[in-house]
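Heads up: the structure comes next, in structure tokens.
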Amino acid sequence: MAEEKKIICPNCGKPMVLRTRRSDGNPFWGCSGYPVCRKALDVSVVNGAQASAPKKEFVPSIYQQAIFDYIQDKDGTDAVIEAVAGSGKTTTIVEALKYTSGRIAFVAFNKRIADELKRRAPSNVHCCTLHSLGFAALRNALPHKPEVDDGKKMSIAKELLPADEDWPIRSVLCTLTSLCQSTMTDPADVSAVRELVDRFDVDTNGEEIKLLAALPRMLELCISRTTVIDYDDMIYLPVILNMPVQQYDWVFADELQDVSKVQMELILRSVNEFGRIMGVGDRNQSIYSFRGADSEAIPTIIRRLNDCKTFPLSITYRCPVEHVKLARQFVPYLEASPTAIAGEVLHMSRAQAMVKMADGDLVMCRCNAPLVEACYELIRQGKKAVVVGRDIGKSLISLVDKMRARDLLDLLTKLRDYKHQESAKLEAAGKAARAASLADRVDTILALCDGLSDITTLKAKIDSIFTDEATGIVFSSVHRAKGLEALRTFILEPNLMPFPKATQSWQIVEERNIMYVAYTRAKETLTFIDG
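Next up, the structure:
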């Protein structure tokens with residue numbers, strides 16, 4: 003029988019499990035390392051599996067059929083699909099591509115999605131990431147082959163800020179440069195740059211004047227030095243230098259809610275004069291503005307496209323009925339699948355939840371410090387647990403290094419002083435959200451210091467807990483959990499949603515989106531950990 007076949011994941015080497023895709027009822031082989039490894043194989047590509055697990059006929063929903071009908075209509079208008087969480091948008095896109103003709107591109111937000119679509123899409127469809135689309139434009143336009151080096155910005159920053167005392171703000175200069183590129187902000191516009199500092203919670207280390215002075219030259223050198231490029235350059239340079247971009251008759255753009263302004267420009271330039279764009283996304287899952295994403299990306303592109311039509315994908319094939327009822331306070335048009343289970347919404351104490359947590363569970367929180375405390379408590383009990391986000395760990399180590407502490411006791415003193423002084427400055431300046439974010443970073447490190455005796459051990463502990471190779475019980479900020487799902491999910495300290503310090507209008511909207519994302523990750527049980 004197919005279930006007895008030993009299918010090994012070609013991506014990570016773990017066993018694969020025969021599962022059923024909830025969006026269309028078809029069987030597929032999924033990696034047992036999910037959600038870290040999301041590799042999937044159609045049964046047809048596994049010898050012998052097809053006969054024992056026959057493929058079911060795809061029957062489109064009324065929403066999917068409306069999209070397919072539109073594609074076959076030759077009226078030439080653009081469209082945006084507004085897909086709710088767990089709506090089977092990948093399956094919808096794959097089926098939609100079958101109705102297209104000419105030069106077709108599917109532009110994905112990351113390589114994993116591009117690779118998945120490449121496996122499932124018709125052979126005539128060019129599946130790529132935004133970065134590969136921009137890199138191709140660079141290679142064709144430049145007289146030389148550029149070398150890719152993500153340390154490019156830091157090398158330039160060391161030239162502009164060479165003094166020993168400048169080292170803490172070099173990385174800040176790199177961050178501001180990246181934000182100017184993603185948002186297409188003029189680095190010479192001081193007020194606009196200060197808005198970036200506030201909106202994206204950039205810690206300027208008290209050196210704002212020096213940073214503002216260096217930023218225009220920094221970006222100028224990033225643009226002029228094209229023999230070496232980084233990943234930001236792959237998208238920014240083709241747009242800012244007006245390079246020719248490969249154009250298509252149809253461009254499908256995924257995760258539209260997460261694109262930045264410069265990414266949107268690249269997408270718009272990739273369709274030919276008579277071509278059509280179909281964007282896919284969920285404005286209610288727009289929670290990445292802190293990375294440079296445009297929180298108004300979907301409304302903006304709808305305004306900019308040619309007589310743009312919008313199509314809903316309102317049925318979630320992931321969420322149980324009870325979870326849908328809960329999430330409708332944020333998205334009233336969210337619908338449960340006709341075959342959805344009832345599901346459970348539970349409330350329990352922290353002590354009860356910690357006992358119940360098991361491998362494969364997903365634990366979410368608005369902030370990182372509570373995640374670290376709970377994760378390490380399980381590790382001490384002998385359970386396998388990690389926190390998603392290797393780059394979070396790197397940023398914490400950077401903050402530790404910034405303190406230049408002699409030993410762990412000195413570090414603890416300096417961190418508490420730093421938190422008190424910087425938070426007071428930010429609060430006085432009316433930047434409560436930034437103050438809270440800074441406090442969360444410090445509190446996370448303080449939680450990790452528990453039971454340790456030296457800084458070297460602290461750094462090793464940070465490296466071991468924060469990882470992108472998540473297995474066992476997975477702890478994650480809600481931001482990191484977008485795109486993940488689990489049979490059972492737990493929400494730690496739900497009182498932090500919405501975040502109390504979020505006061506600006508865009509922050510309030512994003513906090514509602516964060517709650518919606520958190521409520522729609524579970525396939526069976528959603529548990530709120532009260533107290």
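All residue numbers for the sequence shown refer to this note's numbering, where the first residue is 3 and numbers rise by one. Using N, Cα and C, we set each Cβ at its ideal position, and we do this for glycine too.
Residue burial classification, residue i (beta-carbon count within 10 angstroms, cutoff 16)
{"i": "lysine 358", "result": "exposed"}
{"i": "glycine 50", "result": "Because glycine 50 sits at a pLDDT of 46, beneath the cut-off of 50, its placement in the model cannot be relied upon, and the point is left open."}
{"i": "proline 540", "result": "What is shown of the chain runs 3 to 533, which leaves residue 540 out entirely."}
{"i": "tryptophan 252", "result": "buried"}
{"i": "glutamine 66", "result": "buried"}
{"i": "glutamate 161", "result": "exposed"}
{"i": "proline 322", "result": "buried"}
{"i": "alanine 371", "result": "buried"}
{"i": "valine 545", "result": "Any property of residue 545 remains undetermined from this structure, which presents the chain solely from 3 to 533."}
{"i": "lysine 147", "result": "exposed"}
{"i": "isoleucine 276", "result": "Residue 276 is actually phenylalanine in this sequence, not isoleucine. That one is exposed."}
{"i": "threonine 94", "result": "buried"}
{"i": "isoleucine 171", "result": "buried"}
{"i": "glutamate 6", "result": "Its pLDDT being 44, under 50, glutamate 6 is placed unreliably in this model, and the value from its coordinates should be taken loosely. Exposed, since its Cβ has fewer than 16 Cβ neighbours within 10 Å."}
Beta-bridge partners of residue i, as assigned by DSSP
{"i": "proline 17", "result": "Ile10"}
{"i": "tyrosine 250", "result": "Val273"}
{"i": "glutamate 149", "result": "Val230"}
{"i": "leucine 315", "result": "Ala85"}
{"i": "histidine 128", "result": "Ala107"}
{"i": "leucine 43", "result": "Trp31"}
{"i": "isoleucine 381", "result": "According to DSSP, isoleucine 381 bridges with nothing at all."}
{"i": "methionine 236", "result": "Beta-bridge pairing links methionine 236 to no other residue."}
{"i": "phenylalanine 468", "result": "Val389"}
{"i": "glycine 281", "result": "Val82 and Ala255"}
Nearest neighbour of residue i, chosen from the options [CA to CA]
{"i": "leucine 489", "options": "Lys396, Leu20 and Arg320", "result": "Arg320"}
{"i": "threonine 131", "options": "Tyr233, Lys147, Glu337 and Thr206", "result": "Tyr233"}
{"i": "leucine 486", "options": "Lys41, Glu495, Ala524 and Val230", "result": "Ala524"}
{"i": "isoleucine 343", "options": "Glu222, Arg352, Lys327 and Glu257", "result": "Lys327"}
{"i": "glutamate 471", "options": "Leu43, Cys11, Lys155 and Ala387", "result": "Ala387"}
{"i": "glutamate 512", "options": "Leu315, Asp361 and Gln259", "result": "Gln259"}
{"i": "leucine 20", "options": "Leu315, Ser226 and Phe30", "result": "Phe30"}
{"i": "cysteine 377", "options": "Glu118, Arg406 and Gly474", "result": "Gly474"}
{"i": "glycine 283", "options": "Val82, Gly533 and Met499", "result": "Val82"}
{"i": "arginine 2", "options": "Val444, Lys385 and Met517", "result": "Given a span of 3 to 533 for the chain in the structure shown, any question on residue 2 remains unanswerable."}
C-beta atoms of residue i and residue j nearer than 8 Å
{"i": "isoleucine 69", "j": "alanine 98", "result": "yes"}
{"i": "aspartate 80", "j": "isoleucine 279", "result": "yes"}
{"i": "glutamate 337", "j": "threonine 312", "result": "no"}
{"i": "valine 476", "j": "valine 390", "result": "yes"}
{"i": "methionine 186", "j": "lysine 263", "result": "yes"}
{"i": "leucine 460", "j": "leucine 410", "result": "yes"}
{"i": "leucine 198", "j": "leucine 181", "result": "yes"}
Nearest-angstrom Cα separation, counted from residue j out to residue i
{"i": "aspartate 456", "j": "leucine 401", "result": "16 Å"}
{"i": "glutamate 298", "j": "serine 288", "result": "8 Å"}
{"i": "alanine 426", "j": "serine 272", "result": "47 Å"}
{"i": "isoleucine 464", "j": "aspartate 452", "result": "12 Å"}
{"i": "threonine 177", "j": "lysine 404", "result": "16 Å"}
{"i": "aspartate 256", "j": "alanine 110", "result": "5 Å"}
{"i": "serine 54", "j": "leucine 450", "result": "Because the pLDDT of serine 54 is 44, which lies under 50, any placement of that residue in the model is unreliable, and the question is left without a value."}
{"i": "aspartate 1", "j": "arginine 392", "result": "Because the chain in this structure spans residues 3 to 533, residue 1 falls outside the shown range and cannot be described."}
{"i": "alanine 123", "j": "alanine 462", "result": "43 Å"}
{"i": "leucine 315", "j": "arginine 285", "result": "12 Å"}
{"i": "valine 365", "j": "leucine 494", "result": "7 Å"}
{"i": "glutamine 52", "j": "threonine 206", "result": "Only weak support is given to the placement of glutamine 52: the predicted model assigns it a pLDDT of 41, under 50, and the value that follows is read from those uncertain coordinates. When rounded, the distance between both Cα atoms is 58 Å."}
{"i": "isoleucine 300", "j": "leucine 448", "result": "39 Å"}
Near the ligand ZN: residue i beta-carbon under 7 Å from a heavy atom
{"i": "isoleucine 304", "result": "Absence of the ligand ZN from the depicted structure is noted, as is the absence of any ligand whatsoever, leaving it without description."}
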